[in-house]
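S.K.: This is the structure, below, for whatever I ask next.
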Amino acid sequence: MFAAIIVILIIWAVMWAFYKFMYPRPPKSMMPKEGDVTTPRHCDFCGNSLAEYRGVLETPSTTATDTDGLAKKPLFFCNYEHQADYHAGKSYRAGG
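The sequence shown begins at 1 in my numbering and counts up by one.
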């Protein structure tokens, strides 16, 4: 019985160390700060959902208007590469 308990404790310790090594905590710079918007938004290029503070929010200029005279909505992108590809007229292909 004592050996079984020791084996369970050893397995628990090894698994704990494995998960600590494989899944470390993210850096504090990646965590939301006071005032960050944490609501999920969809990327206008790929459609991926991401918290607003993690992506790139592009606000249109004050002179930009639609044909209806309404102001354009702000664009949201996962990263700067998606923003550049969107403005270059490229289309998103999953997996490539």
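Yeah, the Cβ is synthetic: ideal placement off N, Cα and C, and Gly gets one too.
Residues bridged to ARG93 by DSSP?
M.R.: Along the sequence shown, read from residue 1 onward, the residue named residue 93 stands at position 93. ARG93 pairs with nothing; no bridge assigned.
S.K.: Could you check the C-alpha separation between ASP44 and LYS28 for me, to the nearest Å?
M.R.: Here residue 44 refers to the residue found at position 44 of the sequence shown. Here residue 28 refers to the residue found at position 28 of the sequence shown. Their backbone Cα atoms lie some 27 Å apart in a straight line.
S.K.: How far does the beta strand (DSSP E) with VAL56 in it reach, from first residue to last?
M.R.: To locate residue 56, count along the sequence shown from 1; it is residue 56. 56-58 is the span of the beta strand (DSSP E), which, as asked, contains VAL56.
S.K.: Count the other CB atoms within 10 Å of the CB of ARG93; is the residue buried (16 or more) or exposed (fewer)?
M.R.: Reading the sequence shown from its first residue, position 93 is the one you call residue 93. Exposed: under 16 other Cβ atoms inside 10 Å.
S.K.: How many angstroms separate the CA atom of PRO32 from the CA atom of THR38?
M.R.: Position 32 of the sequence shown, counting from 1, holds the residue named residue 32. Position 38 of the sequence shown, counting from 1, holds the residue named residue 38. Their Cα atoms are separated by approximately 7 Å.
S.K.: If we count the other Cβ atoms within 10 Å of its Cβ and call it buried at 16 or more, is PHE21 buried or exposed?
M.R.: Counting from one through the sequence shown, the residue named residue 21 turns up at place 21. It is exposed - the Cβ of PHE21 has fewer than 16 other Cβ atoms within 10 Å.
S.K.: What's the call for PHE77, buried or exposed, on a 16-neighbour Cβ count within 10 Å?
M.R.: Working through the sequence shown from its first residue, we reach residue 77 at position 77. Label assigned to PHE77: buried.
S.K.: Do the CB positions of VAL52 and ARG41 come within less than 8 Å of each other?
M.R.: For the purposes of this step, residue 52 is taken as the residue at position 52 of the sequence shown. For the purposes of this step, residue 41 is taken as the residue at position 41 of the sequence shown. The sequence shown places Glu at residue 52, rather than the Val named in the question. In contact: GLU52 and ARG41 (Cβ atoms closer than 8 Å).
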